[in-house]
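Enquirer: Residue numbers (the working numbering): 12 to 611.
All residues carry an ideal CB built from backbone N, CA and C; glycine is no exception.
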Amino acid sequence: MHFSTSVLVVVFGFSLALALEFSELPQQQELLLQRQQQQQLLQLLLRIRSERHYDTILLYGRAPCVFHAVLPLLQLPTVLLSRGSSHRDWEFSTELLLLCCGVNAEQEQNSRTSWKLQTARRLIYVETRLQPQRLCEDYFERELYNVALLDAEFATSGSFYSCRSFQKPSYAQLQILDSLPIYVEQFRDMQGAILRSEADQLAPRSMLYRDAKSGKIRMIGYVANVVNTFVERVNATLQLRDDYELGKITYYGDIEKLTQQNLLDVAATLGSTMTADNWEYISYPYIITSYCVMVPVPAALPYKSIYTVVVEPLVLGILVLLFFIFSLLLIYSQRLTWRDFSFASVLLNDRSLRGLLGQSFPWPEHATRHVKAICCLMCFSSIMTTTMYQAYLQSLFTHPPPEASIRSLQEVPYSRYKVAMDRREATNLLKSRNLTLDDTKSGYILDDWNEFVHMRDTFNASFIYPVTELRWKTYAEQQRLFARPAFYYSDDICLHRMVMLSFPMRRSLPYRERFEEHMMHMQDFGMLESWMDHSFFDMVELGLTPLKDFSEPVTDEDILYLRDLTWVWLFYAIGHVLATILFAVECYRGRERGTATPMT
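Here is the structure:
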């Protein structure tokens, strides 16, 4: 009996030990599976880092999650967003990897943060059975393309999924040890996807024409060609409106509004970063240029004004000083005394005045050598003066100098010109200087953008026009066909000496970086310079620039009119009046002296 009891106790203990061991077996297997999953996940994260470095991790989702256990092993700065959204704008400039504990873990409410994280690489963990086709398409609809997916079977199978747009199926199943990249360049081949664009038809940057073969609307220009070449490079399809009115210019601000409303992807126009309210709707600067004015070439100086131009105040003062010196010397040298000195004898010295003007005068009687020397000096001065002014007058009458040009904005109100500007363009420019339209005293404001461009393109010489340096190059090329230049580009009157021009684009455009990279390649390879050099010929070929001389006809200046001798007649009349007055005074004084002398 005692033996049987002992056997039962041993059997019971052994059974209890087996039961406890079998009860702990699932926990051990689960723990082993978790360790294996952590190792696999760590290996995957390291592989992602080896493909493209990242130094910050952003984690969406609450704990516990498979990613939380691996984060300490990476030893990288980590931002935890357990509620699925951030309260502040994302200001980190580091390379980022975004981890999501579930499909619905990322619920970003901050629009600016969502925009900055659009192109970040995402690794999504799904606890339920994974449906990669549906999930990838959902992310593509949200315009999130750098997405990788994994589920609970990842620990045992080591397989995961990478979303691939523009292919069928829209995903690729990968293994950790595969050589294929996890995150690929999605927009290398867009398989004919549509890119919506619109040209402003402002020559020479984007011009529209109808292709004779296909009958479709095409665009050309140093701005439009960037969009054209990008479409060809990524195998996309350019979509333009069919209801274009060829030759009608669209204000670039209206096109910018279309991109802000997500109606266009990339616009074939240029907007200024200076007037941009939100830089999220523009690209990296494409061109840096100056924004100055084109001023009408000053007309030739009228003949009647040449007489005033030829006389410099300093030279005139020196001649007057010489006249006084020679008068004093002649008065003193005749009798070597100042008894005959008077202001009248100095101011009205006939010999000195006639001598300096190169006219003959009576030689003094019994002239000493000092008087002869003074007369020789006076004759030499008269020869130099008359010869110099005769040469000046002949050269200036042959080629009259231009009128004074405008050198600053402050001189514009005092000139006969006004600055012609479109109302919206003027508002944007004045806004950057904290001014309003009420401050433009010398402005001629137009409400029609096409009318403003037409006035500038036809070289209406009644106004001054704002123009970029890029556009001026085509104007300068066109003026080579004129009889004489009609306008010149004034570097002294610049509204902005450095303006950065960018492409307006949709805010959430997923291939923004791809487009900007292509844009800079066009600059580096010299395509931009080539397009700009060929702009004038494109404009002529499309009929946008007529081969017509818009300069004012040159009048025949070989004829002199009485109005051209105004100053000559004026000085002649003043001289005669002055001589008459002096003659009358001398007669009157001589008569008084005659009556006052006693008779002998």
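1) Where do the N-terminal and C-terminal ends of the alpha helix (DSSP H) with Y318 fall, by residue?
2) Over the uninterrupted beta strand (DSSP E) stretch that includes G454, give me the two end residues.
3) Report the residue from R99, V137, Y262 and Y599 whose alpha carbon sits nearest the alpha carbon of W126.
4) How about S613 and F391: do their beta carbons lie closer than 8 Å?
5) For the beta strand (DSSP E) containing P477, name the first residue and the last one.
6) How would you label R216, buried or exposed, when you count the other beta carbons within 10 angstroms and need 16 or more for buried?
7) I'd like to know whether the C-beta atoms of E209 and P521 end up nearer to each other than 8 Å.
8) Residue range of the beta strand (DSSP E) that L633 falls in?
9) So if DSSP puts I135 in a beta bridge, which residue, or which two residues, is it bridged to?
10) Can you have a look at G72 and say buried or exposed, based on whether 16 or more other CB atoms are within 10 angstroms of its CB?
11) Ignore the nearest five residues each way along the sequence and tell me which others in G169's own chain have a CB closer than 7 Å to its CB.
12) I need the DSSP call for L36, collapsed to helix, strand or coil.
13) When the Cα of M285 is compared with those of K442, T105 and L404, which residue comes out closest?
14) Relative to the C-alpha of R6, which residue among Y455, F526 and S419 is closest?
15) If you run the structure through DSSP and keep just helix, strand and coil, what is C303?
16) To the nearest angstrom, how far is the alpha carbon of R221 from that of H64?
17) Identify the residues that DSSP records as bridge partners of K429: which are they?
18) Using CA atoms only, rank isn't needed, just tell me which of F171, T398 and P88 is closest to Q54.
19) If you follow the alpha helix (DSSP H) that M531 is in, where does it begin and where does it stop?
20) I'd like the list of long-range same chain contacts for L84, defined as Cβ closer than 7 Å, with 5 residues on each side in sequence excluded.
21) For the ligand MN, any of its heavy atoms closer than 7 Å to the Cβ of V464?
22) Tell me, please, which residues DSSP counts as bridged to Y220.
23) If I measure Cβ to Cβ from S294 and keep anything under 6 Å in the same chain, skipping five residues before and after, which residues do I get?
24) Helix, strand or coil for R508 per DSSP?
25) Apply the 10 Å Cβ neighbour rule to C303 and answer buried if 16 or more other Cβ atoms are within range, or exposed otherwise.
26) When you compare only the Cα positions, how much space is there between V81 and Q49?
27) Does DSSP put L275 in a helix, in a strand, or in coil?
28) By the DSSP assignment, the beta strand (DSSP E) with C387 in it spans what residues?
29) Count the other CB atoms, across all protein chains shown, that sit within 10 Å of the CB of A384; report buried if there are 16 or more and exposed otherwise.
30) Does the beta carbon of F391 sit closer than 8 Å to a beta carbon anywhere in chain C?
31) Where does T139 land, buried or exposed, given buried means 16+ other C-beta within 10 angstroms?
32) Would you say V234 and T300 are within 8 Å of each other, going by their C-beta atoms?
33) What residue range is occupied by the uninterrupted beta strand (DSSP E) comprising R145?
34) Excluding sequence positions up to five away, which residues of its chain have a Cβ less than 8 Å from the Cβ of F561?
35) Below 8 Å CB to CB, which residues in the same chain sit around A131 once its five sequence neighbours on both sides are set aside?
36) Using a Cβ-Cβ cutoff of less than 7 Å, which residues in the same chain neighbour W483 once the five nearest sequence positions on both sides are dropped?
Expert: In short:
1) Residue 318 sits at position 307 when you count from the first residue of the sequence shown. Residues Y314 to V320.
2) By one-based count along the sequence shown, residue 454 stands at place 443. Start and end: G454 to L457.
3) Here residue 126 refers to the residue found at position 115 when the sequence shown is read from its first residue. From the listed residues R99, V137, Y262 and Y599, the smallest Cα separation to W126 is found for R99.
4) What is shown of the chain runs 12 to 611, which leaves residue 613 out entirely.
5) For this step, residue 477 is matched to residue 466 along the sequence shown. Annotation for P477: the continuous beta strand (DSSP E) segment containing it runs F474 to T479.
6) Reading the sequence shown from its first residue, position 205 is the one you call residue 216. Looking at its Cβ environment, which holds 16 or more other Cβ atoms inside 10 Å, R216 is buried.
7) Counting from 1 along the sequence shown, the entry for residue 209 is found at position 198. Counting from 1 along the sequence shown, the entry for residue 521 is found at position 510. Taking a C-beta distance under 8 Å as the contact criterion, E209 and P521 do not qualify as a contact pair.
8) Beyond the ends of the chain as shown, which are 12 and 611, falls residue 633; an answer cannot be given.
9) Translated into the one-based positions of the sequence shown, residue 135 becomes position 124. Paired residue(s): C111 and L160.
10) The count along the sequence shown starts at 1 and reaches residue 72 at position 61. It is buried - the Cβ of G72 has at least 16 other Cβ atoms within 10 Å.
11) Position 158 of the sequence shown holds residue 169. Around G169: Q51, Q186 and I187.
12) Numbered from 1 along the sequence shown, position 25 holds the residue referred to as residue 36. Unreliable placement is indicated for L36, whose pLDDT of 47 sits below 50; no coordinate value is reported for it.
13) For the purposes of this step, residue 285 is identified with residue 274 of the sequence shown, where counting begins at 1. Measuring from the Cα of M285, the nearest candidate turns out to be K442.
14) This structure gives no information on residue 6, because the portion of the chain shown stretches from 12 to 611.
15) Reading the sequence shown from its first residue, position 292 is the one you call residue 303. The answer is strand: DSSP assigns C303 an E or B state.
16) Taking the first residue of the sequence shown as position 1, residue 221 is located at position 210. Taking the first residue of the sequence shown as position 1, residue 64 is located at position 53. Those two C-alpha atoms are separated by around 48 Å.
17) By one-based count along the sequence shown, residue 429 stands at place 418. K429 is bridged by DSSP to F474.
18) Looking up residue 54 in the sequence shown gives position 43. Closest by alpha carbon: F171.
19) The count along the sequence shown starts at 1 and reaches residue 531 at position 520. DSSP places M531 in the uninterrupted alpha helix (DSSP H) bounded by R523 to D535.
20) Along the sequence shown, read from residue 1 onward, the residue named residue 84 stands at position 73. Closer than 7 Å at the Cβ level, and outside the excluded window around L84, lie L53.
21) Among the ligands in the structure shown, none appear at all, so the ligand MN cannot be discussed.
22) Position 209 of the sequence shown holds residue 220. Beta-bridge partners of Y220 (DSSP): R229.
23) Mapped onto the sequence shown, residue 294 falls at position 283. The residues are S513, F514, M516 and E527.
24) Taking the sequence shown and counting its residues from 1, the one referred to as residue 508 is at position 497. In this structure, DSSP gives R508 an extended state, which the three-state scheme calls strand.
25) What you label residue 303 is simply residue 292 of the sequence shown in a count that begins at 1. By the neighbour-count rule (16 or more Cβ atoms within 10 Å), C303 is buried.
26) Residue numbering aside, residue 81 sits at position 70 when the sequence shown is read from its first letter. Residue numbering aside, residue 49 sits at position 38 when the sequence shown is read from its first letter. Distance between the alpha carbons of V81 and Q49: 6 Å.
27) Position 264 of the sequence shown, counted from the first residue, corresponds to residue 275. Residue state, collapsed to three classes: coil.
28) Counting from one through the sequence shown, the residue named residue 387 turns up at place 376. No beta strand (DSSP E) holds C387; the alpha helix (DSSP H) holding it covers R380 to T409.
29) As a working mapping, residue 384 is identified with position 373 in the sequence shown. Exposed, by the Cβ-count rule.
30) Note that chain C does not occur in the displayed structure, where there is just one protein chain.
31) As a position in the sequence shown, residue 139 is number 128, starting the count at 1. The residue is exposed, with fewer than 16 neighbouring Cβ atoms inside 10 Å.
32) Here the question's residue 234 lines up with position 223 in the sequence shown. Here the question's residue 300 lines up with position 289 in the sequence shown. The beta carbons of V234 and T300 sit no closer together than 8 Å.
33) As a first step, residue 145 is located in the sequence shown; it is residue number 134 there, counting from the start. That residue, R145, is in no beta strand (DSSP E); its alpha helix (DSSP H) goes P143 to E152.
34) Here the question's residue 561 lines up with position 550 in the sequence shown. The beta carbon of F561 lies closer than 8 Å to those of T469, F470, F493 and A497 in the same chain, with the five residues before and after it left out.
35) Counted from its first residue, the sequence shown places residue 131 at position 120. Result list for A131: L69, L107, L108, L109 and N157, in chain order.
36) The residue given as residue 483 occupies position 472 in the sequence shown. Spatial neighbours of W483 in its own chain (CB-CB distance under 7 Å, excluding positions within 5 residues in sequence) are listed in chain order as M305 and Y500.
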